[in-house]
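Heads up, the thing below is written out as structure tokens.
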Amino acid sequence: MEDLIIGGVAIRAGEKKHVHIEMPPLYTDTNMSIPVYVQRGRRAGPTIFVSAAIHGDELNGIEIVGRLIRNRSIKNLRGTLIAVPMVNVYGVLNQSRYLPDRRDLNRSFPGSKKGSLAGRIAHTFLKEIVAKCDVGIDLHTGAIHRSNLPQVRADLDDPETLNMCKAFGLPVMLNADIRDGSLRQAAADLGVKVVLYEAGQALRYDEFSIRAGVKGIINIMRDIGMLNKSSSKKEHAIEPFIARQSGWVRAHESGFVQHVAQLGDHVEKGDPLARIADPFGNELGMLLCPAEGIVIGKQNIPLAQEGEAMYHIAYFKQPDSVAENVEMLQDNLVLGEVPMVY
-1 MEDLIIGGVA IRAGEKKHVH IEMPPLYTDT NMSIPVYVQR GRRAGPTIFV SAAIHGDELN
59 GIEIVGRLIR NRSIKNLRGT LIAVPMVNVY GVLNQSRYLP DRRDLNRSFP GSKKGSLAGR
119 IAHTFLKEIV AKCDVGIDLH TGAIHRSNLP QVRADLDDPE TLNMCKAFGL PVMLNADIRD
179 GSLRQAAADL GVKVVLYEAG QALRYDEFSI RAGVKGIINI MRDIGMLNKS SSKKEHAIEP
239 FIARQSGWVR AHESGFVQHV AQLGDHVEKG DPLARIADPF GNELGMLLCP AEGIVIGKQN
299 IPLAQEGEAM YHIAYFKQPD SVAENVEMLQ DNLVLGEVPM VY
């Protein structure tokens, strides 16, 4: 295999290296760089990138990457793993979703060498990492004060991408349109298949989401031939379900919230999702579910402004089966093999 060049550093077959891709410095003249871990197998195989913290307040992915690169399962690797724990290092420093120029990095691709700060970072990441890969897994969480049930989002009409999503091993798969300026769009233009993993909330570690993420990445690496198939027997096989539609249920009143429905719940049309009250505790109304589905996202803060998105519902043909598989996933990750052995 030829040497892989990232950030001006050559990585040979069989080598592991930490690389730092230089970024524009802070105005304090403090140097900045994107940390990259590269592990190359001695045998040929696919090249995969795993990226986290494109939004700087989405920290779960940082821990997922850390556990992944220390996991014994990737010791005998075929091909190349490129793991990037922090793409938006500026946002992580500031505990902010955005960059110092107030732009969203995941709306700034493919970027430009001479553009804004966001455009320059997007351009560099695309050129140095994404363009050198066959597939990618991009790790995200819910926004501030919002949690997401572990789920994968991708172009499920593409057979290769669909197979990767199934291999990830989650009950919930969303067929998600590609948004303009996103990493997924730029990667697709280069012919790189990308799966987006959403789980947990901003500025928090969520153990369930982290374990599911590590296990899912290893499952994909096995599925595409980078790792040997697992010899362990699965007690509970997780069946994936595709949601072609999802939507947010919005508050019809401003007030204080008592949540009724939780992540992973199977809800029927007309079921109460939350109670909204005034400051004296008088009920202003119940937030009701508009159609049968599964709760895949929810607001956590017990305050609601009229029109605010509170519950994200995914709609399936068999929502009760999805809920059962969510419970099995939780049992597997708590009682079964935990993919964080170093």
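If you're matching positions, the sequence shown starts at -1 in the working numbering and goes up one per residue.
A virtual CB, placed ideally from N, CA and C, is assigned to each residue, including glycine.
As the structure is a computational prediction, the values presented were derived from the model and not from experiment.
The C-beta of Lys267 has fewer than 16 other C-beta atoms within 10 Å across all chains shown, which makes the residue exposed.
Of the candidates Gln199, Lys15, Gly223, Phe314, Phe314 places its Cα closest to the Cα of Val265. Rounded to whole angstroms, the gap between the alpha carbons of Val63 and Asp318 is 32 Å. In the three-state scheme derived from DSSP, where H, G and I count as helix and E and B as strand, Arg248 is classed as strand. Ile3 is classed as exposed because its beta carbon has fewer than 16 other beta carbons within 10 Å across all chains shown. Note on Gly291: 16 or more other CB atoms within 10 angstroms of its CB, so buried under the neighbour-count rule. A straight line joining the alpha-carbon of Lys296 with that of Ala165 spans about 26 Å.
In the pairwise beta carbon analysis, the region 16 to 23 is classified as touching the region 33 to 51: at least three pairs are separated by under 8 Å. By the CB criterion at 8 Å, His143 and Trp246 fall outside the cutoff. Checking the DSSP bridge columns, you'll see Ser110 has no partner listed. Phe278 counts as exposed, since fewer than 16 other C-beta atoms from the protein chains shown sit within 10 angstroms of its C-beta.
DSSP lists Arg38, Thr45 as the beta-bridge partner residues of Thr78. By the Cβ criterion, the region 190 to 198 is in contact with the region 210 to 221, since at least three pairs of Cβ atoms, one from each stretch, lie closer than 8 Å. Around the beta carbon of Val170, 16 or more other beta carbons sit within 10 angstroms, so the residue counts as buried. Take the alpha-carbon of Ala42 and the one of Val133: they are about 15 Å apart. Take the alpha-carbon of Asp136 and the one of Asp276: they are about 40 Å apart.
Its chain contains Tyr35, Val48, Val63, Ile67 as the residues whose beta carbon lies nearer than 6 Å to that of Ala81, once the 5 sequence neighbours on both sides are disregarded; these appear in chain order.
The DSSP-derived three-state label of Ile294 is strand.
Under the criterion of beta carbons closer than 8 Å, Arg40 and Ala8 do not qualify as touching, at roughly 16 Å. Residue state for Glu325 is assigned as helix, using DSSP reduced to three classes. With respect to the C-alpha of Ile294, the residue from Gly117, Lys112, Leu168, Ala51 having the closest C-alpha is Leu168. Taking the C-beta atoms as reference points, Arg248 is found nearer than 8 Å to Ala307.
For Lys191, the closest alpha carbon among the candidates Glu205, Arg202, Ile176, Asp204 is that of Ile176.
Contact annotation: Asp329 and His234 have beta-carbon atoms nearer than 8 Å.
With at least 16 other beta carbons inside 10 angstroms of its own, Arg65 counts as buried.
Ranked by Cα distance from Ile127, the options Asn161, Ser114, Gly113, Pro83 are led by Pro83.
Counting along the chain, the unbroken beta strand (DSSP E) around Gly253 starts and ends at 253 to 257. In the three-state DSSP reduction, Asn173 falls in the strand class (E or B). Residue range 144 to 152 is occupied by the beta strand (DSSP E) that includes Asn146.
Residue environment: Tyr25 is assigned as exposed (fewer than 16 neighbouring CB atoms within 10 Å of its CB, all protein chains considered).
Looking at the DSSP output, Ala302 shares a beta bridge with Gly253. Shown here, Met224 sits in coil according to DSSP, grouped into three states, outside any helix or strand. Of the residues assessed, Glu56 falls on the buried side of the cut-off, its CB having 16 or more other CB atoms within 10 angstroms. Under the three-state reduction of DSSP, Arg100 is assigned to coil, being neither helix nor strand.
For Thr45, the closest alpha carbon among the candidates His53, Glu20, Leu75, Met21 is that of Leu75.
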